[in-house]
Amino acid sequence: MNFKLEKLNDCQVLTIQEERIDAHNSAALKTELLQLVEQGDEPIIVQLEQVRFIDSSGLGALLSGHKQALVKSGKLLLVNIQQPVLSMFEITRLNRVFEIYGTINEAFAAQS
Amino acid sequence: MNFKLEKLNDCQVLTIQEERIDAHNSAALKTELLQLVEQGDEPIIVQLEQVRFIDSSGLGALLSGHKQALVKSGKLLLVNIQQPVLSMFEITRLNRVFEIYGTINEAFAAQS
Amino acid sequence: MSPAIIQVDVIIPTQTRYLDLIGSIGEHIAKEVDSYAGDREALAYHLNLVLTEATANAIKHAHDKEAKDTVRICIHIEEKQLTIKVYDHGQGFDLEAVAKPDFDHPKENGMGLFFIKTLMDSVTYTQQADGNVLEIIKYL
Amino acid sequence: MSPAIIQVDVIIPTQTRYLDLIGSIGEHIAKEVDSYAGDREALAYHLNLVLTEATANAIKHAHDKEAKDTVRICIHIEEKQLTIKVYDHGQGFDLEAVAKPDFDHPKENGMGLFFIKTLMDSVTYTQQADGNVLEIIKYL
Ligand SMILES: Nc1ncnc2c1ncn2[C@@H]1O[C@H](COP(=O)(O)OP(=O)(O)O)[C@@H](O)[C@H]1O
Ligand SMILES: Nc1ncnc2c1ncn2[C@@H]1O[C@H](COP(=O)(O)OP(=O)(O)O)[C@@H](O)[C@H]1O
Numbered sequence: 008m009n010f011k012l013e014k015l016n017d018c019q020v021l022t023i024q025e026e027r028i029d030a031h032n033s034a035a036l037k038t039e040l041l042q043l044v045e046q047g048d049e050p051i052i053v054q055l056e057q058v059r060f061i062d063s064s065g066l067g068a069l070l071s072g073h074k075q076a077l078v079k080s081g082k083l084l085l086v087n088i089q090q091p092v093l094s095m096f097e098i099t100r101l102n103r104v105f106e107i108y109g110t111i112n113e114a115f116a117a118q119s
Numbered sequence: 008m009n010f011k012l013e014k015l016n017d018c019q020v021l022t023i024q025e026e027r028i029d030a031h032n033s034a035a036l037k038t039e040l041l042q043l044v045e046q047g048d049e050p051i052i053v054q055l056e057q058v059r060f061i062d063s064s065g066l067g068a069l070l071s072g073h074k075q076a077l078v079k080s081g082k083l084l085l086v087n088i089q090q091p092v093l094s095m096f097e098i099t100r101l102n103r104v105f106e107i108y109g110t111i112n113e114a115f116a117a118q119s
Numbered sequence: 198m199s200p201a202i203i204q205v206d207v208i209i210p211t212q213t214r215y216l217d218l219i220g221s222i223g224e225h226i227a228k229e230v231d232s233y234a235g236d237r238e239a240l241a242y243h244l245n246l247v248l249t250e251a252t253a254n255a256i257k258h259a260h261d262k263e264a265k266d267t268v269r270i271c272i273h274i275e276e277k278q279l280t281i282k283v284y285d286h287g288q289g290f291d292l293e294a295v296a297k298p299d300f301d302h303p304k305e306n307g308m309g310l311f312f313i314k315t316l317m318d319s320v321t322y323t324q325q326a327d328g329n330v331l332e333i334i335k336y337l
Numbered sequence: 198m199s200p201a202i203i204q205v206d207v208i209i210p211t212q213t214r215y216l217d218l219i220g221s222i223g224e225h226i227a228k229e230v231d232s233y234a235g236d237r238e239a240l241a242y243h244l245n246l247v248l249t250e251a252t253a254n255a256i257k258h259a260h261d262k263e264a265k266d267t268v269r270i271c272i273h274i275e276e277k278q279l280t281i282k283v284y285d286h287g288q289g290f291d292l293e294a295v296a297k298p299d300f301d302h303p304k305e306n307g308m309g310l311f312f313i314k315t316l317m318d319s320v321t322y323t324q325q326a327d328g329n330v331l332e333i334i335k336y337l
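The listed protein sequences correspond, in order, to chains A, B, C and D.
FYI, in our numbering the residues of the first sequence are 8 to 119.
FYI, in our numbering the residues of the second sequence are 8 to 119.
FYI, in our numbering the residues of the third sequence are 198 to 337.
FYI, in our numbering the residues of the fourth sequence are 198 to 337.
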């Protein structure tokens, strides 16, 4: 799993640098998210702009990060989701579970 | 075969709007080139920037246009060839047959 | 013209790194189905997803340590129907007993078969002495 | 770890519109060949090209009007070797008798087999009662 991690506006921004999240790399994503949750209490923003494809295990990895963030009174936000990927959140109703923003600036604005 | 045809700087510029030229669409390319050769005596510039893949029939279609242009005392130039596609010209030594330019402006400059 | 028939039969090792290959084949096939009137981009994603989920299940849940470590996937297209078969040599399971996800209490797992059932027209799982097969049908 | 074996067996109608599918499968497979030390992008293009050329020849030159209008292409990968087989039901031809292109007098046709021979390590064509097969080997 290739990604970039930056601290921006008091948020941990994780930019996924993969076109595809599936059972081959979702475990690595889950591990990374759980580590971020452990490390601090800044909001975690996951940028999904480059992701063209996600499967159920990828959704599961994001959900696991989200749940763990809630346990630690933190939060995990998703931004820049491509429409076909967003459809997968809709079919599983996970769009009602996650905080989803169109752009990272909208996500920043919502934190202040 | 999708393409765009423009008249620029007294040249007929044919921009190929396909990622792939193979035996499925090379006959259409050949027909279009032969029509252009018939229509006038301006140099014909074929822009290959979007083409990621060419097979032997695609090379053959370009060669056919080139030969027919010579017969009519015209010329056919190729520009913006991606490196993997250019390798196919090199393997078949067709890079020595065609006039090839890196950019369309270089091709224009060579005409004046 | 006779009805176009495409058949793709793939055998891969039971390793998740090959899911991309299987999914991509599905995506390309979707682009060649000329009879399909619906959204072709969506069909491409759906075939990619369904093949990925079904193959991942065969790798995860039905890994037979003794037999050869491979999964076989067959894709068959007739004019009006696309059939996917994914074979496994595991202990099998009861497809009918697999519950729908609880949307009010979402869980990390258990969304794969839900996607397959939701996006395709028919799904069956048959256990046989020489192996099991998940058969998925999509009408085109 | 046991040597990874991938096998892809495709049947398509004898129509050039399916060349893209065949070539794309080759391109994706190249990306999964982990043992390959050379330029993987180049290998992807070469497999795409070789599959396209060989399949186009089976469609163009060996179209059997009476038998089923399909072409079968098999791709087999072992740890150190990739094998492509393209079957046809035409009248066959003599691979050894096909001349190299004349580079000083280039022609529109006759570059397909030259690409295959140049980019791959071994090419043979075998005529059999039940059909002919072009077999192409690339060492990885
Ligand atoms: N090929 C299979 N062999 C055995 N069990 C399977 C197979 N496919 C699915 N299952 C069972 O069905 C359950 C639900 O599968 P699925 O919806 O894909 O979600 P997940 O794989 O995330 O658990 C699995 O947890 C497993 O118990
Ligand atoms: N599968 C085949 N069956 C019969 N003849 C073939 C086959 N493949 C190639 N050939 C013969 O070999 C010649 C050279 O093929 P090739 O190098 O691919 O160039 P092209 O197809 O452009 O003529 C063809 O013109 C044809 O006569």
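For each residue, glycine too, the CB sits at the ideal point set by N, CA and C.
C-alpha of Pro298(D) to C-alpha of Lys304(D): approximately 8 Å in a straight line.
Boundaries of the beta strand (DSSP E) around Val205(D): Ile203 to Pro210. Neighbours of Glu229(D) in chain C, taken as residues whose beta carbon is under 8 Å from its own, are Arg214, Tyr215, Asp217 and Leu218 in chain order.
In this structure, Ala68(B) places its C-beta atom within 9 Å of the C-beta atom of Ala34(B). Lys335(C) and Leu40(B) have their C-alpha atoms spaced approximately 42 Å apart.
Taking the Cβ of Met308(C) as the reference point, every heavy atom of ligand 2 lies at 8 Å or farther away.
The C-alpha of Gln118(A) lies about 35 Å from the C-alpha of Glu238(C). Exclusion of the five residues before and after Leu66(A) leaves Met95, Phe96, Thr99 and Leu101 as the residues of its chain whose Cβ lies within less than 8 Å of its Cβ. For Ser319(D), the enclosing beta strand (DSSP E) stretches over residues Ser319 to Gln325. Proximity to Asp291(C) across Leu310(C), Val207(C) and Ser232(C) peaks at Leu310(C), based on C-alpha coordinates.
In terms of side-chain proximity, the C-beta atom of Leu331(C) is found nearer than 8 Å to a non-hydrogen atom of ligand 1. Distance between Val44(A) and Gln57(A), taken at the CA atoms: about 23 Å. Ranked by Cα distance from Asp301(C), the options Leu36(A), Ile111(A) and Arg103(A) are led by Arg103(A). With the rule of 3 Cβ pairs closer than 8 Å, the segment 322-333 of chain D counts as touching the segment 275-289 of chain D. Just so you know, the alpha carbons of Lys37(A) and Ile203(C) end up roughly 38 Å apart.
Residues Gly309 of the same chain have their beta carbon placed closer than 7 Å to that of Asn254(C), with the five preceding and five following residues left out of the count. The secondary-structure analysis by DSSP pairs His273(D) across a beta bridge with Gln204(D) and Thr280(D). At a cut-off of 9 Å between beta-carbon atoms, Lys304(D) makes contact with chain B. Here DSSP, grouped into helix, strand and coil, assigns Glu49(A) to coil. In chain order, Glu49, Pro50 and Ile52 place their CB closer than 6 Å to the CB of Cys18(A), counting only its own chain and leaving out the 5 sequence neighbours on each side. Under the Cβ distance rule, Ser221(C) counts among the residues neighbouring chain D, one pair being separated by less than 9 Å. Shortest gap from the CB of Ala253(C) to any heavy atom of ligand 2: 8 Å or more. Of the heavy atoms belonging to ligand 2, none sits nearer than 8 Å to the Cβ of His302(D). Phe96(A) has its CB no nearer than 8 Å to any heavy atom of ligand 2. Inter-residue distance for Ile274(C) and Leu21(A) is about 40 Å (C-alpha atoms, whole angstroms). When C-alpha distances from Ile272(C) are compared across Ile226(C), Ile209(C) and Tyr322(C), the shortest belongs to Ile226(C). Between ligand 2 and the CB of Gly223(C), the shortest heavy atom gap is not smaller than 8 Å. Taking 8 Å as the cut-off, the C-beta of Gly287(C) counts as close to a heavy atom of ligand 1. In the three-state reduction of the DSSP assignment, Glu293(D) falls in the helix class. Against Asp206(C), the close residues of chain D are Asp206, in the order they occur along the chain (beta-carbon pairs closer than 7 Å). Between the C-alpha atoms of Thr315(C) and Tyr284(D) there is a straight-line separation of about 38 Å.
In the DSSP annotation of this structure, Tyr215(D) is not part of any alpha helix (DSSP H), being labelled neither H nor E. DSSP, read as helix, strand or coil, puts Leu337(D) in coil. Within its own chain, the residues whose Cβ lies closer than 6 Å to the Cβ of Tyr108(B), once the five positions on either side in sequence are excluded, are Val86 and Ala114, listed in chain order. In this structure, Val295(D) keeps its C-beta atom at 9 Å or more from the C-beta atom of Thr211(D). Separation of Gly220(C) and Val247(C) (C-alpha to C-alpha, rounded to the nearest whole angstrom) is 8 Å.
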